[in-house]
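See below for the structure under consideration.
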Amino acid sequence: MSKTILVAGKDLPSGMKLAEGLERTDRRVAVSAGINDNENDSEEVVSVNSETIGIEWNRSSPVSSRTFVLEAESTMEQLDEAVLYFDETLFAQNSGQLNSEECLRTSDSMVLCYQYLTMTLLERYEKKRSAENPGTIVFLLRKSYDCADLNRNPSLRNGMNAFASPVVSAAAASFEAFAENIASVYGDLDYLNIVLVKIDADESDSDESVGQWLGEYNDALYPSLKAMTKKSLQWLKPGSKAAKAAAKTAASKPSKIGFWGRRH
């Protein structure tokens with residue numbers, strides 16, 4: 020039976036490449052789609068293809084964030100996994116100003132929105148409380164160079180890199196700290212898996228390859244590995260040796276169940 024996964028934070032059409040990678044691992048995908056009207060809390064579901072749907076999400080609204088998760092769960096009849104994707108490179112290209120309006124917009128669209136979604140997902144998985152089929156929340160961070168990096172290394176100014184403004188860089192740091200602390204608080208629950216994944220600024224993994232790797236990685240890990248690994252707050256890198264080792268271990272197992280905590 021195929022799994023279902025929510026992808027939020029990199030709205031359609033930009034989020035489609037990650038969805039395509041996940042589709043290759045036998046997953047049905049619901050991807051966030053933006054709403055321009057900040058007063059609109061209703062969510063429209065749009066079919067993208069046979070495996071992927073888009074659901075409108077108003078980032079600035081906690082009501083919309085909750086409805087977004089519930090709509091995905093209702094439409095796909097279950098919600099096994101969720102990916103909260105902070106693509107700092109994308110935000111760096113679209114946000115360059117430093118004023119009060121930009122600070123407010125960044126707070127809504129790059130900080131609070133992920134916290135709203137996380138709270139709703141935690142609530143849904145707590146209600147489900149299935150140790151045999153635990154829910155999974157993936158915090159996926161794609162880093163960008165920022166102004167401080169440029170100051171430390173002027174050679175980065177080569178016309179090929181987009182630099183995150185101070186507010187975007189601060190939002191990325193907030194996402195990273197929030198993810199680590201959620202993992203610290205909730206990582207030992209038997210009905211919930213927390214996965215931390217980071218793509219550094221000097222890495223060029225495509226969203227499609229990351230999506231496929233992530234699906235395969237989640238499939239390859241088992242609750243039985245819990246006793247072998249202590250809690251860790253380190254971030255995985257796509258294609259890392261840890262993921263390959265886990266996949267090798269899983270190849271000798273009779274079934275695919277899930278992932279306990281964070282493994283390295």
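All residue numbers for the sequence shown refer to this note's numbering, where the first residue is 20 and numbers rise by one. All C-beta atoms in this analysis are idealised placements derived from N, C-alpha and C, irrespective of residue type, glycine included.
Cβ atoms of residue j and residue i: under 7 Å apart, would you say?
i: GLU222; j: SER163; result: no
i: LEU208; j: TRP254; result: no
i: VAL130; j: ALA190; result: yes
i: GLU70; j: ARG47; result: yes
i: CYS122; j: VAL187; result: no
i: LEU103; j: TYR133; result: yes
i: SER66; j: ASP127; result: no
i: PRO153; j: TYR210; result: yes
Kindly indicate if chain D contains any beta-carbon less than 7 Å away from that of residue i.
i: LEU169; result: The question asks about chain D, but that chain is absent: this structure has only one protein chain.
For residue i, does the three-state DSSP call read helix, strand or coil?
i: ILE54; result: coil
i: LYS245; result: Residue placement at LYS245 is poorly supported in this model, since its pLDDT is 44, which falls under 50; the coordinates are not used for a value here.
i: ASN212; result: strand
i: GLY206; result: coil
i: ALA49; result: strand
i: ALA192; result: helix
How should residue i be labelled, buried or exposed, when 16 other C-beta atoms within 10 angstroms of its C-beta is the threshold for buried?
i: MET247; result: Residue confidence is low: MET247 scores 38 on pLDDT, short of 50, so the model does not pin down where it sits. Its coordinate-derived value is still stated next. MET247 is exposed by the Cβ-count criterion.
i: ARG148; result: exposed
i: GLY73; result: buried
i: ALA196; result: exposed
i: ALA167; result: exposed
i: ASP165; result: buried
i: ARG176; result: exposed
i: ALA52; result: buried
i: LYS146; result: exposed
If I'm right that residue i touches residue j with Cβ under 8 Å, what's the distance once you round it to whole angstroms?
i: THR137; j: ILE201; result: 6 Å
i: PHE87; j: ALA183; result: About 26 Å; that fails the 8 Å criterion.
i: VAL50; j: GLY34; result: 5 Å
Between the stretch 89–103 and the stretch 166–183, do at least 3 Cβ pairs fall closer than 8 Å? Put simply, the stretch 89–103 does not touch the stretch 166–183. Fewer than three CB pairs are less than 8 Å apart.
Segment contact flag, the stretch 222–232 with the stretch 195–211, C-beta cutoff 8 Å, min 3 pairs: Contact between the stretch 222–232 and the stretch 195–211 is absent, because fewer than three Cβ pairs lie under 8 Å.
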